[in-house]
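Below: the structure, in structure tokens.
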């Protein structure tokens with residue numbers, strides 16, 4: 001069994017912009033994800049961070065097969081999922097599940113919680129009747145919900161409890177990979193910790209692999225083994241968690257980290273803050289060369305002409321002039337430590 | 340009973356089943372508090388009972404609705420007679436019993452109104468759901484068809500159809516359904532487009548649910564409230580349209596007792612026979628008013644913001 005569970009290879013997802021009612025035609029394309037390659041190893045949590053609109057949620061939906069990809073391959077457990085149809089696609093759904101951002105929008109308000117959590121068993125014809133009810137109640141107990149609340153409607157639960165319902169539904173088929181799309185960003189901070197602890201406990205118990213998407217840097221730092229930073233549809237840097245947070249090499253990563261608040265006021269005062277100028281450019285017309293160059297503090301002529309590739313090995317940073325951290329990170333963190 | 344026995348058995352059962360009131364139960368409770376809606380529902384139930392029990396009612400209180408009362412149906416001048424013991428609501432220009440004809444006319448109005456409402460709702464929901472769910476060329480085709488139907492002058496087409504095919508109840512139902520389904524389909528399509536974008540639809544897809552299951556489990560139940568409101572408000576329109584078509588001679592056979600047909604013929608006699616105009620007109624007004632008030636009540640009851 002390969003140590004890599006998910007392999008994303010040069011994946012792009014473009015959304016056409018249509019104009020015209022009677023004779024619609026594509027006038028432009030939003031390059032939400034534009035050539036992303038990454039690997040998720042079995043049992044690890046890969047965090048993906050980036051600003052709103054950088055394509056991280058689109059990438060998540062490509063990996064779960066919700067969006068057909070425009071280009072590239074996504075191999076999950078040895079199967080290229082981008083060409084699956086019909087029953088094969090349905091089989092694949094059992095292996096990859098998703099936890100959604102909005103605990104209100106992701107549960108049908110007209111259905112009782114028991115039938116929502118029971119959906120996976122019914123759809124895949126695994127259980128029905130009393131057995132279905134028993135399994136649903138087991139799941140509810142597992143995620144810390146009162147199994148007696150089986151007959152309640154989603155509106156009768158708090159945000160955190162609703163997210164637990166979403167977790168129970170995602171867990172039902174014992175998937176290999178769970179894609180968490182901002183699972184806690186809609187919750188109160190006190191509830192965030194509970195849900196994150198639940199996710200970590202479940203990972204240990206069932207050997208789950210997480211693709212964890214968030215814009216909250218501290219949440220990603222807490223849960224992830226490795227972290228990828230996205231900007232305008234591309235990965236600009238990917239590294240072990242400690243290395244990325246302590247010695248960021250891409251100017252964007254550095255700016256992003258410097259913008260996050262720090263609990264220690266002494267440390268906060270000493271910190272150098274990098275304020276990025278300008279807006280994130282439109283993904284309809286991304287800038288030529290390095291996509292970050294119009295806002296990059298250390299951009300030079302070459303950055304506007306030539307797009308920096310993301311190296312396959314070594315320091316995986318897509319930048320012509322990465323931030324000098326004194327020593328190479330690949331030596332600082334032992335190679336293969338995440339496997 | 341000793342103290343220990345009391346302690347051993349708690350007075351009330353501590354475990355009550357946790358069973359919430361569903362949105363439908365809540366809506367029902369709200370509807371029952373709406374006096375206008377309850378009154379309208381009572382009136383509608385009465386009218387349905389009248390229609391169903393038409394043979395009995397005419398047997399007890401009236402006469403054969405299609406037969407002329409040769410003995411006491413018309414005045415010496417050949418004019419309709421007013422309400423009397425023999426004819427509770429008078430007679431028409433052919434000496435037929437207006438009460439009996441009005442009672443049987445309720446059957447036509449309700450039958451045509453209900454069938455065309457049901458037919459239009461079923462077709463409208465199906466077309467709107469499919470158009471909203473499968474976007475792209477399919478939605479384009481259905482939406483264009485709906486726009487054409489909505490911009491068509493329905494009375495002219497109904498008259499043409501009656502002139503070429505000949506008037507009948509079936510044709511009436513088809514014409515009314517055809518021109519009302521588009522309005523429902525448009526609303527449903529918009530609703531489906533907004534529901535389709537919800538995350539719980541994505542969740543269902545990521546679980547492996549097929550299109551039919553998503554439409555049945557996640558979309559249709561969320562459509563039920565707006566569709567019920569649309570249908571209850573479509574019913575009075577359909578009843579009025581039925582009478583209009585019959586009035587214009589494009590509906591059912593004029594010999595069959597119907598409110599529209601009675602209205603049509605009574606216009607020539609309203610100066611001498613007010614009852615002949617008022618009975619079908621009043622029933623039509625009462626029925627459509629009750630439908631509209633009930634429809635408004637249902638709309639308010641199903642809207643949780645109120």
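Protein chains in written order, with the numbering used here: chain Y, 1 to 339; chain E, 340 to 645.
Don't be surprised by glycine CBs; every beta carbon is placed ideally from N, CA and C.
- In terms of beta-carbon proximity, residue 90 (chain Y) lines the interface with chain E, with at least one pair separated by less than 9 angstroms.
- A distance below 7 angstroms between beta-carbons, with the five flanking residues on each side excluded, links residue 608 (chain E) to the following residues of its chain, in chain order: 419, 432 and 615.
- In this structure residue 441 (chain E) does not touch residue 453 (chain E) by the C-beta definition: roughly 18 angstroms separates them, more than the 8 angstroms allowed.
- In the same chain as residue 185 (chain Y), and ignoring 5 residues on each side of it, the C-beta atoms closer than 7 angstroms to its own belong to 101, 214, 215 and 216, in chain order.
- Residue-level contact check: residue 173 (chain Y) touches chain E, since one or more beta carbons of chain E fall below 9 angstroms from its beta carbon.
- Listed along the chain, the chain E residues whose CB falls inside 7 angstroms of the CB of residue 64 (chain Y) are 545.
- Residue 419 (chain E) is bridged by DSSP to E:413.
- A direct Cα-to-Cα measurement between residue 362 (chain E) and residue 134 (chain Y) gives close to 26 angstroms.
- Contacts between residue 537 (chain E) and chain Y, judged by CB atoms closer than 7 angstroms, involve 105 in chain order.
- It is roughly 17 angstroms from the alpha-carbon of residue 367 (chain E) to the alpha-carbon of residue 384 (chain E).
- Comparing C-alpha distances from residue 253 (chain Y) to each of Y:123, Y:130 and Y:292 shows the shortest one belongs to Y:292.
- Taking a cut-off of 8 angstroms on C-beta distances, the region 91-106 of chain Y touches the region 155-172 of chain Y, as three or more cross pairs fall below it.
- When C-beta atoms of the region 443-460 of chain E are compared with those of the region 513-528 of chain E, three or more pairs fall below 8 angstroms, so the two segments count as touching.
- Between residue 599 (chain E) and residue 576 (chain E), the CB-CB gap reaches or exceeds 9 angstroms.
- Taking a beta-carbon distance threshold of 9 angstroms, residue 519 (chain E) does not count as an interface residue toward chain Y.
- Close to chain E, meaning a Cβ-Cβ distance shorter than 7 angstroms, are the following residues of the region 98-128 of chain Y: 98, 100, 102, 105, 106, 107, 108, 110, 119, 120, 123 and 124.
- Cβ atoms of residue 183 (chain Y) and residue 96 (chain Y) stay farther apart than 8 angstroms, at about 15 angstroms.
- Close to residue 445 (chain E), with beta-carbon spacing below 9 angstroms, lies no residue of chain Y; the smallest spacing is near 36 angstroms.
- When DSSP states are grouped into helix, strand and coil, residue 14 (chain Y) belongs to the strand group.
- Residues of the region 392-415 of chain E with a C-beta atom less than 9 angstroms from some C-beta of chain Y do not occur.
- In this structure, the CA atom of residue 109 (chain Y) is about 20 angstroms from the CA atom of residue 143 (chain Y).
- In the structure shown, residue 593 (chain E) falls within a coil segment according to DSSP collapsed to helix, strand and coil.
- Only residues of its own chain outside the window of five on either side were considered, and among them 48, 50, 213 and 230 have a CB closer than 7 angstroms to the CB of residue 56 (chain Y), listed in chain order.
- Residues of chain E with a Cβ closer than 8 angstroms to the Cβ of residue 133 (chain Y) do not exist, since the nearest Cβ in that chain sits about 14 angstroms away.
- Distance from the Cα of residue 558 (chain E) is smallest, within the candidate group E:537, E:525, E:573 and E:512, for E:537.
- Scanning chain Y for C-beta atoms nearer than 7 angstroms to the C-beta of residue 478 (chain E) yields nothing, as the closest lies near 10 angstroms away.
- For residue 289 (chain Y), the CB contacts under 7 angstroms within the same chain, skipping 5 residues up- and downstream, are 303, 304, 305, 306 and 307 in chain order.
- Three or more pairs of CB atoms, one per stretch, sit closer than 8 angstroms, so the region 521-528 of chain E contacts the region 465-472 of chain E.
- Going by C-alpha positions, residue 12 (chain Y) is about 14 angstroms away from residue 81 (chain Y).
- The Cβ atoms of residue 2 (chain Y) and residue 73 (chain Y) lie no closer than 9 angstroms to each other.
- Of all residues in the region 563-597 of chain E, none places a beta-carbon less than 7 angstroms from a beta-carbon of chain Y.
- Between the alpha carbons of residue 438 (chain E) and residue 458 (chain E) lies a gap of roughly 30 angstroms.
- The beta-carbon of residue 556 (chain E) is placed less than 9 angstroms from the nearest beta-carbon of chain Y.
- The three-state secondary structure of residue 57 (chain Y), taken from DSSP, is helix.
- Within the region 426-508 of chain E, the complete alpha helix (DSSP H) segments at least 4 residues long are 437-472, 476-489 and 493-504, listed from N- to C-terminus.
- Contact annotation for residue 93 (chain Y) against chain E: 545, 546 and 547 [CB-CB distance below 7 angstroms, chain order].
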